[in-house]
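Take a look at the structure set out below.
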Amino acid sequence: MCGRVRLSSDYSEIKIKLKFDGPPPNFERDWNKPPTAPMLVAVRSVDGRRTPKMMRWGLLPHWAKDEKIAYSTFNARAEEFTGKPAFRDAWKNGQRCLVVTDGFYEWKKLDPKGKEKQPYAIAMADNGQMVMAGLWATWKDPKSGSEIQSCTILTTDSNGVMGELHNRMPVILAEKDWARWLGEEHATIRTAFKEKSRADALEEARVKSIDSHKCPLRNVWSDAKPVQVAPILLCS
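Residue numbering for the sequence shown follows the numbering used here, starting at 3 and increasing by one per position.
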């Protein structure tokens, strides 16, 4: 799963890298974003532009009675999201997004019952953005009438060193796949979300063990070690 992320880069750098075309959102750097926090995402606008948005993390489907469901919809399993009630409408409507992060955190269980855990920080080896595949939706509060845009992060089975930390990981998109995921270029999603054997489908990342009592999160990322994580597989 993916339940905590970091986004500490300057917006000016992100805008250039992601090739945003639109007014800047109300962006604030954050070293530890939890579910329900605002996430920076890129969506494809009606006129085809790659537009930046801030969306609540935890997808609120249009039929939700209240916001409580968001605590169980911040991740969507890549193997089954197209058929899940909370996510299938966003998928059918082409509401895909790029969730922009600088990395995420994971906790490794140190004992069989999981009472003791060691946190780890995961980031890209080149210090670049870790862009995750996501879905988004617009929800209207039945009481107030206000609208909330929200998103979810797709997850898949872990591989490589990530498998030593947790059995799930976010779906990380290679830069060449950003346009295809957004629908800027034609693509179909392979049924084999779990195929991670191709060497050219891997991206390097860095993993760093965290001493949460002594090491501020913003100082964790400088000397993490390289590992391999897998992005989603797309084909035209």
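Note that beta-carbon positions come from the ideal geometry of N, C-alpha and C, so glycine has one too.
Among all the DSSP beta bridges, which residues are the ones paired with residue i?
i	result
Cys-99	Gly-136
Arg-8	Gly-105
Leu-42	Met-56
Gln-120	Lys-110
Asn-77	Ile-155
Lys-35	Val-7
Trp-141	Ile-150
Which same chain residues end up closer than 7 Å to residue i when comparing Cβ atoms and leaving out the 5 residues on each side of it in sequence?
i	result
Lys-55	Pro-27, Val-43, Val-45 and Gln-151
Tyr-13	Pro-26 and Phe-29
Taking the alpha helix (DSSP H) that residue i belongs to, which residues open and close that run?
i	result
Tyr-13	13 to 20
Phe-89	87 to 94
Assign residue i to buried or exposed, taking buried as 16 or more other Cβ atoms, counted over all protein chains shown, within 10 Å of its Cβ.
i	result
Ile-18	exposed
Leu-112	exposed
Pro-114	exposed
Lys-35	buried
Glu-15	exposed
Over the uninterrupted beta strand (DSSP E) stretch that includes residue i, give me the two end residues.
i	result
Trp-59	52 to 59
Trp-183	Segment 180 to 184 is the alpha helix (DSSP H) holding Trp-183; no beta strand (DSSP E) there.
Ser-152	149 to 159
Pro-172	170 to 172
Starting from the C-beta of residue i, find all residues in its chain whose C-beta is less than 8 Å away, skip the five residues before and the five after it, and write them out in chain order.
i	result
Leu-184	Ala-44, Val-45, Arg-46, Arg-52, Arg-98, Cys-99 and Leu-100
Ser-146	none
Pro-63	Ile-71, Thr-75, Pro-87, Ala-88, Phe-89, Asp-91, Ala-92, Ala-139 and Trp-141
Tyr-73	Pro-37, Thr-38 and Gly-60
Lys-67	Pro-144
Who are the near neighbours of residue i in its chain, counting only those whose CB is closer than 6 Å to its CB and skipping five residues on each side?
i	result
Phe-83	Phe-89
Trp-65	none
Ala-181	Glu-187
Exercise for the section: Decide yes or no for the touch test of the region 8 to 18 against the region 94 to 106: beta carbon pairs closer than 8 Å, at least 3 of them. Expected result: Counting Cβ pairs under 8 Å, three or more are found: they touch.
Problem - Cβ contact check for the region 46 to 65 and the region 116 to 135: 3 or more pairs under 8 Å - result: no
Practice task
State whether the region 168 to 177 contacts the region 133 to 142, with contact taken as three or more CB pairs (one from each stretch) at a distance under 8 Å.
Solution key: yes
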